[in-house]
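When we follow this note's numbering, the leftmost residue of the sequence shown carries the number 62, and every step to the right adds one.
For each residue, glycine too, the CB sits at the ideal point set by N, CA and C.
Predicted model only: the values in this text are computed from it and were never measured.
Have a look at the structure below, then the notes.
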Amino acid sequence: MKKIQKGLIKSTRIKSKQFIQPTECTQDTLQLVHPESYLKTLEDSEIVGRMVEVPPVGYLHNYLVQKYLLTPMRFATQGSIIAAEKAYLNYGWAINLSGGYHHASAEKGGGFCIYADISLII
């Protein structure tokens with residue numbers, strides 16, 4: 062993300078102070094769309110591997126899947142929520158450099174989409 066930020070700052074009129082670093086999306090927020098039973102399935106690396114369409118992910122210890130895949134996706138999900146809030150309440154527009162997980166639904170992930178950030182925004 063830092064490379065994208067630097068590139069945008071260098072090639073546009075966007076200032077570094079205009080970037081917002083999101084926090085990690087909480088379980089409570091995720092449960093506004095996703096039932097607890099779905100979130101529990103994310104503790105199974107094989108299921109996550111199928112959702113992201115990268116079967117070898119299924120062979121990784123879930124600690125690694127959580128740390129290097131799902132945690133960054135939760136940050137991106139919160140980034141989508143923040144961008145929507147900023148666009149609606151403050152600026153008229155905003156961009157999340159990650160997120161946009163449009164293939165995810167309440168009880169199903171797929172197409173590299175685990176969390177339904179679009180549904181959370183609406």
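The residues L100, R135, T138, Y176, L181, in chain order, have a CB closer than 8 Å to that of L91 in the same chain once the five nearest residues on each side in sequence are set aside. The beta-carbon distance between I70 and K78, rounded to whole angstroms, is 10 Å. This is too long to meet the 8 Å contact definition. Within the same chain, I182 come within 6 Å of A145 by CB-CB distance, once the 5 residues on both sides are set aside. Listed in chain order, the non-local C-beta contacts of E107 below 6 Å within the same chain comprise G119, local neighbours out to five positions each way being set aside.
Taken through DSSP and simplified to helix, strand or coil, G171 comes out as strand. Residue pairing of S166 in beta bridges, as defined by DSSP: K169.
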